[in-house]
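**Student:** Residue 1 is where the sequence shown starts when you use UniProt numbering, and the numbers rise one by one after that. This is the structure, below, for whatever I ask next.
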Amino acid sequence: MLKLEVDYKVSTVDLGSCGIHPTRLDEISSVSDYVQPLMDFRASLPDDERVVLIGHSYGGIPISLSMWSFPESISIAVFITAYMPIVKIPQHLLFKSKKRLWLNHYALHAGYGIGQDVD
Numbered sequence: 001m002l003k004l005e006v007d008y009k010v011s012t013v014d015l016g017s018c019g020i021h022p023t024r025l026d027e028i029s030s031v032s033d034y035v036q037p038l039m040d041f042r043a044s045l046p047d048d049e050r051v052v053l054i055g056h057s058y059g060g061i062p063i064s065l066s067m068w069s070f071p072e073s074i075s076i077a078v079f080i081t082a083y084m085p086i087v088k089i090p091q092h093l094l095f096k097s098k099k100r101l102w103l104n105h106y107a108l109h110a111g112y113g114i115g116q117d118v119d
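Printed below as a string of structure tokens:
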């Protein structure tokens with residue numbers, strides 16, 4: 001079993017219209033509305049605090065957007081059978097694309113490893 005540091009904190013964020021978040025589904029008109037709770041949470045963290053992001057399935061999109069918005073504070077991002085947009089295309093263009101590149105299997109980049117050599 002993994003032993004965590006004493007000051008290690010775990011936070012989960014309910015995205016727009018999910019879980020106990022008060023936004024109703026009919027109030028979500030864009031991906032930005034959906035991920036806003038995560039962005040607000042990330043913005044509230046101290047500048048020197050680094051995070052590990054974990055996303056599953058469609059959760060890859062919110063963590064990708066968070067990585068794009070707060071790159072300096074990411075220790076690592078874990079995509080668990082999640083969407084992984086291609087890194088060479090700006091995030092805002094992915095969602096405007098008629099080709100929906102974020103669903104294209106050729107747009108995925110995967111890597112694995114242990115320690116600092118993870119690519």
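By construction, the Cβ of each residue, glycine as well, lies at the ideal position given by its N, Cα and C atoms.
1. Hey, which unbroken runs of the beta strand (DSSP E) at 3 residues or more fall wholly within the UniProt domain "AB hydrolase-1" (12-97)?
2. Sorted by chain position, which residues of the same chain lie with C-beta nearer than 8 Å to residue 98's C-beta, five sequence neighbours on each side aside?
3. When the Cα of residue 51 is compared with those of 57, 76, 38, 80, which residue comes out closest?
4. Decide if residue 6 is buried, meaning its Cβ has at least 16 other Cβ atoms within 10 Å, or exposed.
5. Please list, in chain order, all residues of the same chain as residue 41 whose beta carbon is under 8 Å from its beta carbon, the five residues on each side excluded.
6. Whole angstroms are fine: how far does the CA of residue 58 sit from the CA of residue 69?
7. Does the Cβ-Cβ distance between residue 44 and residue 28 come in under 9 Å?
8. In chain order, what residues of the same chain have a beta carbon less than 8 Å from the beta carbon of residue 53, not counting five sequence neighbours either side?
**Tutor:** In brief:
1. 51-57, 74-82
2. Legend: pLDDT at residue 98 = 45, less than 50; position of this residue unreliable, value from coordinates given subsequently. Closer than 8 Å at Cβ, skipping near neighbours: no residue.
3. 76
4. exposed
5. If we look at residue 41 and ignore the five residues flanking it on each side, its Cβ neighbours are 11, 13.
6. 18 Å
7. no
8. 63, 66, 67, 74, 76, 77, 78
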